[in-house]
Each structure stands twice: as C-alpha cells, then as structure tokens.
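Residue numbers (UniProt numbering): 1 to 107.
For each residue, glycine too, the CB sits at the ideal point set by N, CA and C.
Below is one structure; the comments refer to it alone.
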C-alpha cells in the first residue's frame, strides 16, 4: 500500500458506516464483471472471515478473499485524489490487460 492509500483507509475506517460497529479493516477481493472480466472489490469488515489472508501494514488491517489471492498477489494499492477524481487504484503485475478506466482487468 502506498502512503496515500494508507491515509485514505485510516480516514475511512475512522468514519465507517457499517451499522455503528467499529470496522476491523478492509476486505479486498475480486468478482466477475467489467469489460475485462474481473473487477476489484473493497468492503468494510467488522469481523475477519475465516480463511482470509491477513495483511497488516502499520496500523491497517487488510484481509484478502482467498479466492482472489492468486489474482492479486503482489498488487500495490494506491489512492489518487485529482480534481474531480478520487479512487483507489490497483497496480497489478498479474493483470494481462485492463480497461481504459482501470476498473477491471484480466489475467
């Protein structure tokens, strides 16, 4: 994770909307969709699902859906805040292609 991604995740965890329960972290995964076949998912979690891979970076806990692990291993998570565009960006060395908007990928 870049410093920008860590900073944004800290902010989101402090201001999370999951039914007033404190979030324990962010869960990252993939699901079928987008113009290249796969897209990234990110969700708040109040409990760490059994079997998920736990990635601890400083004070931030990111858990990875085990079904997505091989597709996103080695991926760098970044956050950009430019003009009217604010988003997390995944720099995935395993992706063989990604769409122009960067929201989906294939491998």
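For residue 2 and residue 70, the gap between their C-alpha atoms comes out near 21 Å. For residue 45, the closest of 95, 31, 26 by C-alpha to C-alpha distance is 26. Taking a contact as a CB-CB distance under 8 Å, the pair residue 52 and residue 65 counts as one, their CB atoms being some 6 Å apart. Residue 23 and residue 58 have their alpha carbons spaced roughly 16 Å apart. In the DSSP assignment, residue 31 falls within the beta strand (DSSP E) that extends over 25-32. In this structure, DSSP gives residue 85 an extended state, which the three-state scheme calls strand. Going by DSSP, residue 54 is part of the beta strand (DSSP E) stretching over 53-57.
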